[in-house]
Amino acid sequence: MLPLEKPQQVHRALAWQGEIPTYNIYTFGIAGERFFRELKEHGRFLGTRCPACHLLYVPPRIYCERCFASLEEWVEVPGRGTVFTFTLAYYDLDGRRLEHPDILALVRLEGAHGGVLHRLGEVEPGQVAIGMPVEAVLKPPQERRGSILDILYFRPTRR
Amino acid sequence: MPFRRVAVVGAGMTRFMRRALETPKELAFYATRMALDSCELTLKDIDGVILGSAPDAFDGVHRKGEYLIDGAGAFRKPVMRGYVGGGTGVWAVIQGWYHVASGLFDTVLVVCEEKMSSCYPHPQGAFNAIFDHTLERPLGTNLLWIFALEMHRYMATYGITERDIALVSVKNKRNGLDHPCSHVAGNITVDDVLQSEVMAWPVKRLDVSPTSDGAVALVMACEEKARRITHKPVWVEGIGWCLDTSYWTNRDLAYPVYVEKAARMAYKMAGIVDPRKQIDIVEPYDPFDYKELHHLEGLGFARRGEAPDLIASGVANRDGDLPVTPSGGLLGVGNPIAAAGLMKVAEIFWQLRGEAGKRQVPGKPRRGLAQAWGDLMQVGTVVVLGI
Ligand SMILES: [Zn+2]
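Residue numbers (this note's numbering), protein chains in the order written: chain A, 95 to 253; chain B, 10 to 396.
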């Protein structure tokens, strides 16, 4: 039962059988909501620009941490960028050894300040290099849920 | 300067270990009692207590600050807990410093404790919630990833090899053999490091410090009290700290500018213009071997990308011109997060007093620096001590 649901039977509110589950429900925030709606509905990446600091934040923010301006200029950026750094992860989250390592990269999108942490796909570990041009591969529109996982992975850019 | 002079006058430390039978309170008590005994003080002589401890999730006690107070000698005393992740151990000394420098307290205990073994199945789990809940955690983040990403960026930017970096692990684990509290010391070779299991390339098992249980405590006092307590006070000459953006994705990764800013603050206060010439010993934070190099550059002991030369040439050995991590550090002694940072300050204290035993660096060092680092790879905390 979600904590937001209203108990229909009073005894359920007084007695909980078993362990009480605790977890958090996170909101995406003002900037995050717009970013992920755009990604989900139109497959586009948005950033916000600080006119004073000349920085284009992707993922976007509603304020600039350097000058504390409110950011109101929304800009579309291509889902392309370069590998800023990467790692080959040989363990999953449960501590299980992976035969084929996960390739995790910090991708800087074109013209943007910041980046996106994501997996690389359609590439072998030995072929990945810092500076390599990559592009986002998105899930089909009907499968997107408004999540960073709407991006399946980044792959080497096809010309 | 409108501050009172402040000295460290006593120190104590437990063994660092894998799985302590002692409770966190008991670990804190051992270190605190040892620190008091080392300068022949009792709890009655202490005006206030600073507690340092990393996330509550390790010990598994929410309100860990309040929970620890009896073991830290804080019964019915003013107590304060500060927290900047891995930077906490040195940050606690900075807090101790301004409690006394301000004139509000004459004597304080600074106590740092961590019992990471309580966290099951592995303390890694407690780290997952440090990642952004919307942008990163859905990927199944693992803390090792970001260190691997940073290490790789450092290597690629300056052309540094895994072999260059492994030398740090070899040195620190060797230095740790002479520390009575060490948990993971040993004589290993560069090849041992290179051939150890790849966890998240380029990070291999022997590039990484362990998770440990342990506690460290210091006694700090104003000048008037310090001179009565001991004939060998070790003065706090400079302090500095700085936090970079909490978006690790927006940082340079090859150079820790926030460490430089923290160091500059401390150097200005201590009157240091050339750290390489004016500082005799360094204890930079070394949870990973590449971090020691990263930090030596941020602290101004080497130009960008050139810290590996200090290690390879032997300059950083205990008998070298600039001993770096003579204690053995986190890689050699162990890494109970906050306590590990405070251990670095304690090491400088013992070294400057000539009390470091088999670890003593030759040549009567007069000034040393301890630095810690943490949060989401974004905080630098620096203390300069001198006699
Ligand atoms: Zn700005």
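Even glycine gets a Cβ: it sits at the ideal position worked out from N, Cα and C. These numbers come from a predicted model, not from an experiment.
For a contact meaning CB atoms closer than 9 angstroms, what does residue i contact in chain A?
i              : result
E5 (chain B)   : This structure does not reach residue 5 (chain B), given that chain B is present from 10 up to 396, and the question cannot be answered.
L158 (chain B) : F178, T179, F180, T181, L198, A199, L200, L211
H161 (chain B) : T179, F180, T181, I224
L262 (chain B) : F178, T179, L200
Taking residue i and residue j to be in contact with their CB atoms under 8 angstroms, please state how far apart those CB atoms are, rounded to whole angstroms.
i              : j              : result
P265 (chain A) : V217 (chain A) : Given a span of 95 to 253 for chain A in the structure shown, any question on residue 265 (chain A) remains unanswerable.
F180 (chain A) : R202 (chain A) : Between R202 (chain A) and F180 (chain A) the Cβ distance is about 12 angstroms, and since that is not below 8 angstroms, they are no contact.
W257 (chain B) : M386 (chain B) : 6 angstroms
P219 (chain A) : L182 (chain A) : 5 angstroms
M229 (chain B) : V119 (chain B) : 6 angstroms
G350 (chain B) : G96 (chain B)  : 7 angstroms
V222 (chain A) : I245 (chain A) : That pair is no contact at about 17 angstroms.
A206 (chain A) : V152 (chain A) : 4 angstroms
F25 (chain B)  : C190 (chain B) : 5 angstroms
N137 (chain B) : T220 (chain B) : At roughly 15 angstroms, the Cβ-Cβ gap does not stay under 8 angstroms, so N137 (chain B) and T220 (chain B) are not in contact.
Going along chain B in order, which residues have a C-beta closer than 8 angstroms to the C-beta of residue i?
i              : result
F122 (chain A) : T143
S164 (chain A) : Within chain B, no residue comes near S164 (chain A); the closest Cβ sits about 18 angstroms away, beyond 8 angstroms.
Y185 (chain A) : N151, L153, M208, A209
I242 (chain A) : T143, L144, E145, P147, L148
In three-state terms, what does DSSP make of residue i?
i              : result
S127 (chain B) : helix
I242 (chain A) : helix
E229 (chain A) : strand
S164 (chain A) : strand
E31 (chain B)  : coil
P132 (chain B) : coil
M386 (chain B) : coil
R313 (chain B) : coil
F12 (chain B)  : coil
M95 (chain A)  : For M95 (chain A), the pLDDT reaches just 40, beneath the cut-off of 50, and the residue's location in the model is therefore unreliable, although a value from the coordinates is still provided. If DSSP states are grouped into helix, strand and coil, M95 (chain A) belongs with coil.
E145 (chain B) : coil
R376 (chain B) : strand
V18 (chain B)  : strand
I396 (chain B) : coil
I124 (chain A) : helix
F25 (chain B)  : coil
I139 (chain B) : helix
E122 (chain B) : strand
Y185 (chain A) : strand
E292 (chain B) : strand
L113 (chain B) : coil
I197 (chain A) : strand
P234 (chain A) : coil
P115 (chain A) : coil
R90 (chain B)  : strand
V102 (chain B) : helix
I165 (chain B) : Before going on, a small fix: residue 165 (chain B) reads as Ala here, not Ile. Of the three classes helix, strand and coil, the one that applies to A165 (chain B) here is helix, per DSSP.
V217 (chain B) : strand
F130 (chain A) : helix
D222 (chain B) : strand
G95 (chain B)  : strand
A365 (chain B) : coil
Quick one: list the residues of chain A neighbouring residue i, beta-carbon separation under 8 angstroms, in chain order.
i              : result
A165 (chain B) : T179, I224
Mind listing the chain A neighbours of residue i? Cutoff is C-beta to C-beta under 7 angstroms, in chain order.
i              : result
H131 (chain B) : G189
If the cut is a Cβ gap below 7 angstroms, which residues of chain B does residue i touch?
i              : result
E159 (chain A) : T254
P153 (chain A) : L144
Under 9 angstroms between beta-carbons, which chain B residues line up against residue i? List them in chain order, please.
i              : result
H207 (chain A) : N259
G126 (chain A) : T143, L144
Can we say the segment 67 to 85 of chain B touches the segment 114 to 125 of chain B, given the rule of at least three CB pairs closer than 8 angstroms? yes
Would you call the segment 367 to 387 of chain B in contact with the segment 292 to 306 of chain B, where contact means no fewer than 3 C-beta pairs closer than 8 angstroms? yes
Give a yes or no on contact between the segment 223 to 238 of chain B and the segment 14 to 32 of chain B, applying the rule of three or more CB pairs nearer than 8 angstroms. yes
Three-pair Cβ contact test at 8 angstroms for the segment 175 to 189 of chain B versus the segment 331 to 342 of chain B: yes
Which residue spans inside the segment 168 to 215 of chain B form an unbroken beta strand (DSSP E) run of at least 3? 207 to 210
Which full runs of the alpha helix (DSSP H) of 4+ residues lie inside the segment 225 to 274 of chain B, going along the chain? 232 to 238
At which residue ranges does the segment 317 to 348 of chain B contain complete alpha helix (DSSP H) runs of 4 or more residues, listed in the order of the chain? 338 to 341
Specify whether the segment 50 to 60 of chain B and the segment 105 to 120 of chain B touch according to this definition: at least 3 beta carbon pairs, one from each stretch, less than 8 angstroms apart. yes
Hey, is the segment 315 to 335 of chain B in contact with the segment 162 to 178 of chain B, meaning 3+ C-beta pairs nearer than 8 angstroms? yes
In the segment 134 to 179 of chain A, which residue ranges form an unbroken alpha helix (DSSP H) of at least 4 residues, counting only runs that do not cross its ends? none
Given 8 angstroms as the limit, is there contact between the segment 120 to 132 of chain A and the segment 239 to 246 of chain A, that is, 3 or more CB pairs closer than that? yes
Is the segment 185 to 192 of chain A touching the segment 142 to 160 of chain B, taking contact as three or more C-beta pairs under 8 angstroms? yes
Taking the runs of the beta strand (DSSP E) that are 3 residues or longer, which of them lie wholly in the segment 48 to 86 of chain B? 57 to 61
For the segment 191 to 202 of chain B against the segment 349 to 367 of chain B, do three or more pairs of beta-carbon atoms, one drawn from each stretch, fall closer than 8 angstroms, so that the two count as touching? no
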